[in-house]
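What follows is a short report on a single structure.
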Amino acid sequence: MKKLIPAILISLFFQNFSYSQSPVVESIINQTNLDSLIFFVEELSGEVQTIIGGTPYTIVSRNKYQPSNDKAADYIEQKLEYYGLDVYNQSFSSSGRNVYGVLTGTEYPNQIWMICAHYDDMPSGSVAPGADD
Numbered sequence: 001m002k003k004l005i006p007a008i009l010i011s012l013f014f015q016n017f018s019y020s021q022s023p024v025v026e027s028i029i030n031q032t033n034l035d036s037l038i039f040f041v042e043e044l045s046g047e048v049q050t051i052i053g054g055t056p057y058t059i060v061s062r063n064k065y066q067p068s069n070d071k072a073a074d075y076i077e078q079k080l081e082y083y084g085l086d087v088y089n090q091s092f093s094s095s096g097r098n099v100y101g102v103l104t105g106t107e108y109p110n111q112i113w114m115i116c117a118h119y120d121d122m123p124s125g126s127v128a129p130g131a132d133d
């Protein structure tokens with residue numbers, strides 16, 4: 001108990017710093033639509049059908065070795081292009097693929113902000129709705 005009280009006090013002290021955001025970041029967060037984010041996750045996890053390359057498709061698994069994992073990468077690429085980013089693919093190993101988008105800033109073109117995520121999965125079975133490895 002004696003060790004718990006200082007830990008709680010330190011956590012409360014640093015909690016104030018975790019909420020300080022720049023006005024730019026806060027503006028971006030305020031423009032984010034939660035329903036759209038949920039729908040993207042539902043499409044990417046195969047809960048709902050999506051359109052990839054003009055064709056209806058359900059991403060049934062994101063297992064690294066399943067064909068639907070490539071479709072998940074295609075989906076991500078398509079979304080990044082829709083939002084105006086230049087999209088690049090980086091292959092690694094025999095079946096690995098990273099997808100990333102670049103959007104050059106208008107006010108600070110030399111600064112880089114990186115947002116990344118892990119989309120493939122390595123489960124014990126063939127069905128893999130999301131990253132867990």
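Note that my numbering has the sequence shown beginning at 1, numbered continuously upward.
Where a beta carbon is used, it is the ideal one built from N, C-alpha and C, also for glycine.
Item                                                                                                                                                                          : Value
Under a three-way DSSP split, which group does Val24 fall into?                                                                                                               : helix
Residue range of the alpha helix (DSSP H) that Asp74 falls in?                                                                                                                : 67 to 82
Looking only at its own chain, which residues have a Cβ that is under 8 Å from the Cβ of Glu81, when we skip the five neighbours before and after it?                         : Val87, Gly101
Can you list, in chain order, the residues of its chain with a C-beta nearer than 6 Å to that of Gly76? Leave out the 5 residues immediately preceding and following it.      : According to the sequence shown, residue 76 is Ile rather than Gly. Excluding positions up to five away in sequence, the list reads Val99.
Taking just the CA atoms, how far does Ser61 sit from Glu47?                                                                                                                  : 11 Å
For Met103, collect the residues of the same chain with a Cβ closer than 6 Å to its Cβ; drop the 5 residues on either side in sequence, then sort them by chain order.        : As written in the sequence, residue 103 is Leu, which differs from the Met given in the question. Here the set comprises Leu85.
Report the option in Met114, Lys64, Asn110 whose CA atom is closest to the CA atom of Asp120.                                                                                 : Lys64
Using the beta-carbon count (16 or more within 10 Å), is Ile59 buried or exposed?                                                                                             : buried
In the DSSP output, which residue or residues are listed as bridge partners for Asp120?                                                                                       : Per DSSP, none; premise fails for Asp120.
So what does DSSP say about Asn30, is it helix, strand or coil?                                                                                                               : helix
Suppose contacts are defined by Cβ-Cβ distances below 8 Å. Is Leu44 in contact with Ala72 by that definition?                                                                 : yes
Could you spell out where the beta strand (DSSP E) holding Pro56 opens and where it closes?                                                                                   : 55 to 57
Decide if Thr50 is buried, meaning its Cβ has at least 16 other Cβ atoms within 10 Å, or exposed.                                                                             : buried
Count the other C-beta atoms from every protein chain shown that fall within 10 angstroms of the C-beta of Gln66, then say buried if there are 16 or more, exposed otherwise. : buried
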